[in-house]
Amino acid sequence: GNTSPAKVLSLFNDTKYNLGMEITLWNDADFGHWIDETMDGVHKHRARQKRFLATCKRYHKARNRSWIAVIDPDEYLTFNILSDDDRDPERRHDVDVFGLIDGKNFTDYHYRYDMQESRRKMTEENVLTQKTVFEYISEHKEETPWNNEPCYLVPRTLFSAIESPSETVEDAGAATYGLDANNFSTLKYFKHGEKGSWIDNKFGKVIIDLSRIDEKEIVFEMPNIHAPLKSCYYPFRLYETGLLRVHHYLGSWEQYSARSDVRRSRNKFDAAAFVNFGTDYQLQGWLRRFVEIVGEQNSKEILQYSGVIDGGNSKLPLMDQPDYGYIKVNSPHDTKNHGSPDEKDEGDVEILYYYEEGKLVEVKDKESGQIIALDDPRLAINNKL
3 GNTSPAKVLS
13 LFNDTKYNLG
23 MEITLWNDAD
33 FGHWIDETMD
43 GVHKHRARQK
53 RFLATCKRYH
63 KARNRSWIAV
73 IDPDEYLTFN
83 ILSDDDRDPE
93 RRHDVDVFGL
103 IDGKNFTDYH
113 YRYDMQESRR
123 KMTEENVLTQ
133 KTVFEYISEH
143 KEETPWNNEP
153 CYLVPRTLFS
163 AIESPSETVE
173 DAGAATYGLD
183 ANNFSTLKYF
193 KHGEKGSWID
203 NKFGKVIIDL
213 SRIDEKEIVF
223 EMPNIHAPLK
233 SCYYPFRLYE
243 TGLLRVHHYL
253 GSWEQYSARS
263 DVRRSRNKFD
273 AAAFVNFGTD
283 YQLQGWLRRF
293 VEIVGEQNSK
303 EILQYSGVID
313 GGNSKLPLMD
323 QPDYGYIKVN
333 SPHDTKNHGS
343 PDEKDEGDVE
353 ILYYYEEGKL
363 VEVKDKESGQ
373 IIALDDPRLA
383 INNKL
(Lines of atoms letter the chains of each structure in order from A and count residues from 1; the text may use other names and numbers.)
(Lines give C-alpha, C1' and ligand atoms only; values in the text may rest on other atoms or scores of the structure.)
Protein backbone atom coordinates (compact mmCIF):
# COMPACT_ATOMS: atom_id res chain seq x y z
CA GLY A 1 0.00 0.00 0.00
CA ASN A 2 0.94 3.68 0.16
CA THR A 3 0.66 3.99 3.95
CA SER A 4 3.30 2.85 6.42
CA PRO A 5 2.03 1.22 9.64
CA ALA A 6 4.98 2.68 11.57
CA LYS A 7 3.05 5.63 13.03
CA VAL A 8 0.25 3.38 14.31
CA LEU A 9 2.48 0.62 15.66
CA SER A 10 4.90 2.98 17.38
CA LEU A 11 2.13 3.95 19.81
CA PHE A 12 1.45 0.33 20.75
CA ASN A 13 5.19 -0.11 21.28
CA ASP A 14 5.56 3.04 23.38
CA THR A 15 6.63 2.22 26.95
CA LYS A 16 4.57 5.20 28.10
CA TYR A 17 1.43 3.09 27.74
CA ASN A 18 2.90 -0.13 29.18
CA LEU A 19 0.90 -2.47 26.94
CA GLY A 20 3.51 -5.20 27.23
CA MET A 21 3.85 -5.42 23.46
CA GLU A 22 6.98 -5.76 21.38
CA ILE A 23 6.29 -4.94 17.72
CA THR A 24 9.09 -5.12 15.17
CA LEU A 25 8.77 -3.81 11.61
CA TRP A 26 10.83 -5.72 9.07
CA ASN A 27 12.15 -4.43 5.78
CA ASP A 28 12.96 -6.88 2.97
CA ALA A 29 16.60 -6.81 4.04
CA ASP A 30 15.66 -8.05 7.51
CA PHE A 31 14.39 -11.35 6.15
CA GLY A 32 16.73 -11.65 3.16
CA HIS A 33 14.13 -11.18 0.45
CA TRP A 34 15.06 -10.13 -3.04
CA ILE A 35 12.70 -9.49 -5.94
CA ASP A 36 12.91 -12.01 -8.76
CA GLU A 37 12.06 -9.91 -11.80
CA THR A 38 11.39 -13.04 -13.87
CA MET A 39 8.19 -13.68 -11.86
CA ASP A 40 4.78 -12.17 -12.51
CA GLY A 41 3.19 -9.98 -9.86
CA VAL A 42 1.25 -12.74 -8.09
CA HIS A 43 4.27 -15.02 -7.75
CA LYS A 44 6.47 -12.13 -6.56
CA HIS A 45 3.91 -11.53 -3.84
CA ARG A 46 3.79 -15.20 -2.83
CA ALA A 47 7.58 -15.58 -2.82
CA ARG A 48 7.89 -12.58 -0.51
CA GLN A 49 5.17 -13.94 1.80
CA LYS A 50 6.82 -17.34 2.09
CA ARG A 51 10.30 -16.00 2.80
CA PHE A 52 8.95 -13.58 5.40
CA LEU A 53 6.85 -16.24 7.11
CA ALA A 54 9.66 -18.81 7.27
CA THR A 55 12.10 -16.25 8.69
CA CYS A 56 9.49 -15.04 11.16
CA LYS A 57 8.86 -18.57 12.43
CA ARG A 58 12.60 -19.15 12.86
CA TYR A 59 12.90 -15.84 14.70
CA HIS A 60 10.23 -16.77 17.23
CA LYS A 61 11.37 -20.37 17.62
CA ALA A 62 14.90 -19.16 18.42
CA ARG A 63 13.33 -17.12 21.24
CA ASN A 64 11.46 -20.15 22.64
CA ARG A 65 8.02 -18.84 21.72
CA SER A 66 5.07 -21.20 21.63
CA TRP A 67 1.86 -20.22 19.81
CA ILE A 68 2.00 -17.77 16.90
CA ALA A 69 -0.89 -16.64 14.67
CA VAL A 70 -0.39 -16.51 10.91
CA ILE A 71 -2.99 -13.90 9.96
CA ASP A 72 -3.17 -10.63 7.99
CA PRO A 73 -3.65 -7.04 9.27
CA ASP A 74 -7.30 -7.12 8.17
CA GLU A 75 -7.97 -10.33 10.13
CA TYR A 76 -8.77 -10.85 13.81
CA LEU A 77 -8.61 -14.04 15.86
CA THR A 78 -11.51 -14.77 18.19
CA PHE A 79 -13.46 -17.61 19.81
CA ASN A 80 -15.86 -19.60 17.67
CA ILE A 81 -18.75 -19.44 20.12
CA LEU A 82 -22.18 -20.66 19.08
CA SER A 83 -24.50 -18.17 17.39
CA ASP A 84 -27.97 -18.10 15.85
CA ASP A 85 -26.60 -17.89 12.31
CA ASP A 86 -24.30 -20.93 12.54
CA ARG A 87 -24.68 -23.27 9.63
CA ASP A 88 -26.51 -26.57 10.06
CA PRO A 89 -23.69 -29.14 10.41
CA GLU A 90 -25.74 -31.68 8.47
CA ARG A 91 -26.44 -29.42 5.50
CA ARG A 92 -24.49 -30.06 2.32
CA HIS A 93 -21.49 -27.76 1.79
CA ASP A 94 -21.10 -25.52 -1.26
CA VAL A 95 -18.10 -27.59 -2.37
CA ASP A 96 -17.17 -31.20 -1.80
CA VAL A 97 -15.09 -30.36 1.26
CA PHE A 98 -15.05 -33.94 2.47
CA GLY A 99 -13.04 -34.80 -0.62
CA LEU A 100 -10.52 -32.05 0.20
CA ILE A 101 -10.08 -32.37 3.96
CA ASP A 102 -7.16 -34.58 4.89
CA GLY A 103 -7.20 -34.10 8.66
CA LYS A 104 -8.42 -37.54 9.74
CA ASN A 105 -10.14 -36.12 12.82
CA PHE A 106 -11.98 -33.29 11.07
CA THR A 107 -14.72 -35.52 9.65
CA ASP A 108 -14.79 -38.08 12.47
CA TYR A 109 -18.14 -38.12 14.27
CA HIS A 110 -16.64 -38.25 17.78
CA TYR A 111 -14.23 -35.39 17.06
CA ARG A 112 -17.05 -33.28 15.62
CA TYR A 113 -19.23 -33.99 18.67
CA ASP A 114 -16.42 -33.17 21.14
CA MET A 115 -15.63 -29.88 19.41
CA GLN A 116 -19.30 -28.92 19.42
CA GLU A 117 -19.40 -29.62 23.16
CA SER A 118 -16.32 -27.46 23.72
CA ARG A 119 -17.95 -24.64 21.76
CA ARG A 120 -21.12 -24.99 23.84
CA LYS A 121 -19.10 -24.74 27.07
CA MET A 122 -17.19 -21.70 25.80
CA THR A 123 -20.47 -20.01 24.98
CA GLU A 124 -22.11 -20.81 28.33
CA GLU A 125 -19.03 -19.61 30.23
CA ASN A 126 -18.99 -16.36 28.25
CA VAL A 127 -15.33 -16.99 27.46
CA LEU A 128 -15.25 -13.99 25.11
CA THR A 129 -15.20 -11.52 28.01
CA GLN A 130 -13.36 -13.69 30.54
CA LYS A 131 -9.99 -14.53 28.98
CA THR A 132 -7.73 -14.24 25.98
CA VAL A 133 -7.29 -16.93 23.35
CA PHE A 134 -3.81 -17.72 24.69
CA GLU A 135 -5.12 -18.03 28.24
CA TYR A 136 -7.82 -20.42 27.06
CA ILE A 137 -5.35 -22.61 25.15
CA SER A 138 -2.97 -22.67 28.12
CA GLU A 139 -5.76 -23.81 30.46
CA HIS A 140 -6.78 -26.62 28.09
CA LYS A 141 -3.34 -27.58 26.75
CA GLU A 142 -3.71 -31.23 27.80
CA GLU A 143 -7.00 -31.60 25.93
CA THR A 144 -7.94 -32.12 22.29
CA PRO A 145 -7.22 -30.32 20.00
CA TRP A 146 -4.41 -28.40 21.72
CA ASN A 147 -2.46 -31.48 22.76
CA ASN A 148 -2.31 -33.07 19.29
CA GLU A 149 -2.69 -30.30 16.67
CA PRO A 150 0.41 -28.05 16.91
CA CYS A 151 -0.54 -26.59 13.53
CA TYR A 152 -4.11 -25.69 14.37
CA LEU A 153 -6.33 -24.76 11.44
CA VAL A 154 -8.82 -21.94 12.09
CA PRO A 155 -11.85 -21.36 9.81
CA ARG A 156 -12.35 -17.85 8.43
CA THR A 157 -15.48 -15.75 8.13
CA LEU A 158 -15.61 -12.89 5.62
CA PHE A 159 -17.26 -9.62 6.69
CA SER A 160 -18.53 -7.68 3.70
CA ALA A 161 -18.64 -3.94 2.94
CA ILE A 162 -22.30 -3.48 3.91
CA GLU A 163 -22.29 -0.56 6.34
CA SER A 164 -24.34 -0.66 9.50
CA PRO A 165 -26.87 2.05 10.48
CA SER A 166 -25.30 4.96 12.36
CA GLU A 167 -27.05 4.06 15.61
CA THR A 168 -25.51 0.56 15.46
CA VAL A 169 -22.04 1.96 14.81
CA GLU A 170 -22.48 4.40 17.71
CA ASP A 171 -23.31 1.53 20.10
CA ALA A 172 -19.59 0.83 20.46
CA GLY A 173 -19.23 4.13 22.31
CA ALA A 174 -16.26 5.34 20.25
CA ALA A 175 -17.44 8.96 20.30
CA THR A 176 -17.35 8.87 24.10
CA TYR A 177 -13.60 8.40 23.88
CA GLY A 178 -13.07 10.99 21.14
CA LEU A 179 -12.77 8.38 18.41
CA ASP A 180 -14.63 7.82 15.14
CA ALA A 181 -16.14 4.32 15.00
CA ASN A 182 -16.18 4.54 11.20
CA ASN A 183 -12.38 4.18 11.23
CA PHE A 184 -12.67 0.68 12.74
CA SER A 185 -13.89 -2.16 10.52
CA THR A 186 -14.76 -4.23 13.59
CA LEU A 187 -17.17 -1.52 14.77
CA LYS A 188 -18.72 -0.75 11.39
CA TYR A 189 -19.15 -3.99 9.43
CA PHE A 190 -21.23 -6.85 10.85
CA LYS A 191 -22.72 -8.57 7.79
CA HIS A 192 -20.82 -11.69 6.84
CA GLY A 193 -20.56 -14.59 4.43
CA GLU A 194 -22.15 -17.93 5.12
CA LYS A 195 -20.30 -19.51 8.01
CA GLY A 196 -18.56 -22.65 6.83
CA SER A 197 -18.82 -21.71 3.16
CA TRP A 198 -15.68 -22.12 1.09
CA ILE A 199 -17.02 -19.87 -1.69
CA ASP A 200 -17.52 -16.94 0.70
CA ASN A 201 -14.61 -17.42 3.10
CA LYS A 202 -11.98 -19.43 1.19
CA PHE A 203 -9.17 -21.18 3.05
CA GLY A 204 -8.63 -21.01 6.79
CA LYS A 205 -5.56 -19.67 8.60
CA VAL A 206 -3.37 -21.37 11.20
CA ILE A 207 -1.91 -20.83 14.63
CA ILE A 208 1.26 -22.82 15.30
CA ASP A 209 2.87 -24.06 18.51
CA LEU A 210 6.52 -23.62 17.55
CA SER A 211 7.68 -25.42 20.68
CA ARG A 212 6.48 -28.68 19.10
CA ILE A 213 7.75 -28.01 15.57
CA ASP A 214 11.09 -29.34 14.36
CA GLU A 215 13.13 -26.43 13.00
CA LYS A 216 14.00 -28.53 9.94
CA GLU A 217 10.35 -28.30 8.94
CA ILE A 218 10.54 -24.50 8.68
CA VAL A 219 11.49 -23.95 5.05
CA PHE A 220 10.95 -21.23 2.47
CA GLU A 221 9.32 -23.54 -0.07
CA MET A 222 6.16 -24.18 1.93
CA PRO A 223 2.96 -25.33 0.14
CA ASN A 224 1.29 -21.94 0.82
CA ILE A 225 0.73 -19.54 3.70
CA HIS A 226 -2.49 -21.35 4.68
CA ALA A 227 -0.48 -24.53 5.23
CA PRO A 228 2.99 -23.17 6.05
CA LEU A 229 4.38 -26.47 7.32
CA LYS A 230 4.36 -29.90 5.71
CA SER A 231 2.68 -31.26 8.82
CA CYS A 232 -0.23 -28.82 8.45
CA TYR A 233 -3.44 -30.24 7.06
CA TYR A 234 -5.22 -29.10 3.89
CA PRO A 235 -6.37 -25.57 4.84
CA PHE A 236 -10.10 -26.16 5.10
CA ARG A 237 -11.95 -27.68 8.03
CA LEU A 238 -15.60 -28.09 8.95
CA TYR A 239 -16.70 -24.84 10.54
CA GLU A 240 -18.42 -26.52 13.47
CA THR A 241 -15.17 -28.22 14.55
CA GLY A 242 -13.25 -24.96 14.98
CA LEU A 243 -12.86 -23.67 18.54
CA LEU A 244 -11.51 -20.42 17.13
CA ARG A 245 -12.29 -18.44 14.02
CA VAL A 246 -10.71 -15.60 12.07
CA HIS A 247 -12.82 -12.58 11.12
CA HIS A 248 -11.65 -11.28 7.75
CA TYR A 249 -12.79 -7.73 6.94
CA LEU A 250 -13.13 -6.58 3.35
CA GLY A 251 -13.48 -2.93 4.41
CA SER A 252 -14.51 -0.06 2.17
CA TRP A 253 -13.28 0.25 -1.42
CA GLU A 254 -10.93 3.00 -0.24
CA GLN A 255 -9.40 0.71 2.37
CA TYR A 256 -9.34 -2.32 0.08
CA SER A 257 -7.65 -0.50 -2.81
CA ALA A 258 -5.12 1.32 -0.61
CA ARG A 259 -3.01 -1.83 -0.41
CA SER A 260 -0.75 -2.37 -3.42
CA ASP A 261 -1.66 -5.98 -4.08
CA VAL A 262 -1.77 -7.30 -7.63
CA ARG A 263 -4.42 -9.83 -6.61
CA ARG A 264 -6.92 -7.10 -5.74
CA SER A 265 -9.33 -5.64 -8.27
CA ARG A 266 -12.63 -3.80 -8.41
CA ASN A 267 -14.37 -6.92 -9.71
CA LYS A 268 -13.15 -9.00 -6.77
CA PHE A 269 -14.21 -6.31 -4.34
CA ASP A 270 -17.69 -6.00 -5.85
CA ALA A 271 -18.17 -9.78 -5.74
CA ALA A 272 -17.67 -9.80 -1.98
CA ALA A 273 -18.93 -6.34 -1.01
CA PHE A 274 -22.61 -7.24 -0.65
CA VAL A 275 -22.38 -10.73 0.80
CA ASN A 276 -24.97 -11.06 3.57
CA PHE A 277 -25.76 -14.36 5.28
CA GLY A 278 -26.20 -12.97 8.75
CA THR A 279 -25.11 -10.41 11.34
CA ASP A 280 -22.42 -10.98 13.95
CA TYR A 281 -21.66 -8.43 16.70
CA GLN A 282 -19.13 -10.59 18.53
CA LEU A 283 -16.23 -8.12 18.27
CA GLN A 284 -18.26 -4.97 18.87
CA GLY A 285 -17.40 -4.86 22.56
CA TRP A 286 -13.60 -4.87 22.21
CA LEU A 287 -13.22 -1.10 22.44
CA ARG A 288 -14.92 -0.78 25.83
CA ARG A 289 -12.76 -3.58 27.22
CA PHE A 290 -9.64 -1.95 25.75
CA VAL A 291 -10.52 1.33 27.50
CA GLU A 292 -11.11 -0.51 30.78
CA ILE A 293 -7.60 -1.95 30.60
CA VAL A 294 -5.50 1.01 29.39
CA GLY A 295 -7.64 4.01 30.35
CA GLU A 296 -9.68 6.51 28.36
CA GLN A 297 -6.96 9.08 27.61
CA ASN A 298 -4.40 6.43 26.71
CA SER A 299 -6.92 4.72 24.44
CA LYS A 300 -7.61 7.97 22.62
CA GLU A 301 -3.90 8.55 22.04
CA ILE A 302 -3.03 4.98 21.07
CA LEU A 303 -5.91 4.61 18.60
CA GLN A 304 -5.81 8.10 17.07
CA TYR A 305 -4.32 6.94 13.73
CA SER A 306 -6.06 3.57 13.46
CA GLY A 307 -8.03 3.12 10.26
CA VAL A 308 -6.83 6.43 8.80
CA ILE A 309 -5.64 6.08 5.21
CA ASP A 310 -2.89 8.59 4.60
CA GLY A 311 -0.89 8.09 1.44
CA GLY A 312 0.38 11.64 1.49
CA ASN A 313 0.82 13.37 -1.84
CA SER A 314 2.76 10.53 -3.38
CA LYS A 315 1.06 8.10 -5.72
CA LEU A 316 4.10 5.86 -5.60
CA PRO A 317 3.92 2.51 -3.83
CA LEU A 318 5.17 2.77 -0.26
CA MET A 319 8.50 1.06 -0.99
CA ASP A 320 9.27 3.57 -3.77
CA GLN A 321 8.65 6.68 -1.66
CA PRO A 322 12.02 8.38 -0.94
CA ASP A 323 11.25 9.18 2.72
CA TYR A 324 10.25 5.61 3.59
CA GLY A 325 13.85 4.37 3.63
CA TYR A 326 13.13 1.09 1.84
CA ILE A 327 16.25 -1.05 1.56
CA LYS A 328 16.41 -3.07 -1.63
CA VAL A 329 18.10 -6.46 -1.56
CA ASN A 330 19.56 -7.57 -4.88
CA SER A 331 19.41 -11.18 -5.96
CA PRO A 332 22.50 -13.11 -4.81
CA HIS A 333 24.06 -13.51 -8.27
CA ASP A 334 26.90 -15.67 -7.02
CA THR A 335 24.68 -18.49 -5.78
CA LYS A 336 24.22 -21.29 -8.27
CA ASN A 337 20.57 -21.84 -7.50
CA HIS A 338 19.54 -18.15 -7.53
CA GLY A 339 17.34 -17.98 -4.48
CA SER A 340 16.56 -21.49 -3.29
CA PRO A 341 18.15 -21.21 0.15
CA ASP A 342 16.73 -24.49 1.39
CA GLU A 343 18.86 -26.53 -1.01
CA LYS A 344 22.21 -24.81 -1.52
CA ASP A 345 25.09 -26.60 -3.16
CA GLU A 346 28.29 -26.93 -1.17
CA GLY A 347 30.36 -23.80 -1.57
CA ASP A 348 27.42 -21.54 -2.44
CA VAL A 349 27.48 -18.10 -0.82
CA GLU A 350 24.30 -16.11 -0.27
CA ILE A 351 25.00 -12.39 -0.42
CA LEU A 352 22.70 -9.52 0.55
CA TYR A 353 23.00 -6.16 -1.22
CA TYR A 354 21.57 -3.20 0.73
CA TYR A 355 20.41 -0.14 -1.19
CA GLU A 356 19.16 3.22 0.07
CA GLU A 357 17.58 5.60 -2.42
CA GLY A 358 19.06 3.62 -5.26
CA LYS A 359 22.63 3.65 -3.92
CA LEU A 360 24.45 0.53 -2.77
CA VAL A 361 25.47 1.11 0.87
CA GLU A 362 26.40 -2.30 2.27
CA VAL A 363 27.04 -5.91 1.25
CA LYS A 364 26.91 -8.88 3.64
CA ASP A 365 27.47 -12.60 3.63
CA LYS A 366 24.00 -13.65 4.83
CA GLU A 367 25.06 -16.78 6.73
CA SER A 368 28.01 -15.30 8.63
CA GLY A 369 26.87 -11.69 8.73
CA GLN A 370 30.34 -10.62 7.57
CA ILE A 371 30.41 -7.26 5.80
CA ILE A 372 32.07 -7.35 2.37
CA ALA A 373 33.93 -4.26 1.23
CA LEU A 374 32.18 -2.41 -1.59
CA ASP A 375 35.42 -2.32 -3.57
CA ASP A 376 35.90 -6.09 -3.30
CA PRO A 377 36.91 -7.16 -6.84
CA ARG A 378 34.57 -10.15 -6.69
CA LEU A 379 31.61 -7.78 -6.53
CA ALA A 380 32.86 -5.85 -9.52
CA ILE A 381 33.00 -9.08 -11.51
CA ASN A 382 29.60 -10.31 -10.40
CA ASN A 383 27.63 -7.10 -10.37
CA LYS A 384 29.46 -4.76 -12.76
CA LEU A 385 29.75 -2.05 -10.08
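Just so we're aligned, residue 3 is where the sequence shown starts under my numbering, counting upward by one.
Every residue gets a Cβ at the ideal spot worked out from N, C-alpha and C, and that includes glycine.
Between the stretch 136-148 and the stretch 256-265 there are fewer than three inter-stretch CB-CB distances shorter than 8 Å, so the stretches are not counted as touching. Residue 84 is not a Cβ neighbour of residue 114, given a cutoff of 7 Å. In the DSSP assignment, residue 260 falls within the unbroken alpha helix (DSSP H) covering 255-260. For residue 119, the enclosing alpha helix (DSSP H) covers residues 111-126. Under the 10 Å beta carbon count, residue 40 is surrounded by fewer than 16 other beta carbons and is classified as exposed.
Approximately 6 Å separates the beta-carbon atoms of residue 227 and residue 55; this is inside 8 Å, confirming the contact. Relative to residue 170, the option among 191, 156, 160, 152 whose CA is nearest is 191. Residue 58 carries a helical assignment under DSSP once its states are collapsed to helix, strand and coil. Looking at 214, 213, 236, the one whose alpha-carbon comes closest to that of residue 224 is 236.
In chain order, 25, 27 place their CB closer than 7 Å to the CB of residue 11, counting only its own chain and leaving out the 5 sequence neighbours on each side.
Under the DSSP assignment, residue 71 falls in the beta strand (DSSP E) whose first and last residues are 69-72. Distance between residue 269 and residue 279, taken at the CA atoms: about 20 Å. Within its own chain, the residues whose Cβ lies closer than 6 Å to the Cβ of residue 52, once the five positions on either side in sequence are excluded, are 222, 224, listed in chain order. Uninterrupted alpha helix (DSSP H) stretches at least 4 residues long and entirely within the stretch 116-200 occur at 129-132, 135-141, 168-172, 187-190, given in chain order. At least 7 Å separates the beta-carbon of residue 251 from that of residue 166.
In the three-state reduction of the DSSP assignment, residue 228 falls in the coil class, being assigned neither a helical nor a strand state. Residue pairing from DSSP leaves residue 243 without any beta-bridge partner.
The three-state secondary structure of residue 52, taken from DSSP, is helix. For residue 8, the closest C-alpha among the options 241, 282, 304, 130 is that of 304. Residue 239 sits buried, since 16 or more C-beta atoms from the chains shown fall within 10 Å of its C-beta. In the DSSP assignment, residue 292 falls within the alpha helix (DSSP H) that extends over 288-296. Boundaries cannot be given for residue 263, as no beta strand (DSSP E) includes it and DSSP labels it neither H nor E. Taking the Cα of residue 214 as reference, the smallest distance to any Cα among 204, 229, 66 is reached at 66. Contact between the stretch 177-187 and the stretch 126-135 is absent, with fewer than three C-beta pairs closer than 8 Å. DSSP places residue 208 in the uninterrupted beta strand (DSSP E) bounded by 207-211. When DSSP states are grouped into helix, strand and coil, residue 373 belongs to the strand group. Residue 244 sits buried, since 16 or more C-beta atoms from the chains shown fall within 10 Å of its C-beta. The beta carbon of residue 69 lies closer than 8 Å to those of 136, 139, 209, 210, 211, 212 in the same chain, with the five residues before and after it left out.
Looking only at 376, 310, 300, the smallest Cα-Cα distance to residue 16 is reached by 300.
Taking the Cα positions, residue 264 is about 6 Å away from residue 43. Following the DSSP letters along the chain, one finds residue 81 inside the beta strand (DSSP E) bounded by residues 77-81.
Going by beta carbons, residue 276 and residue 255 fall outside the 7 Å limit.
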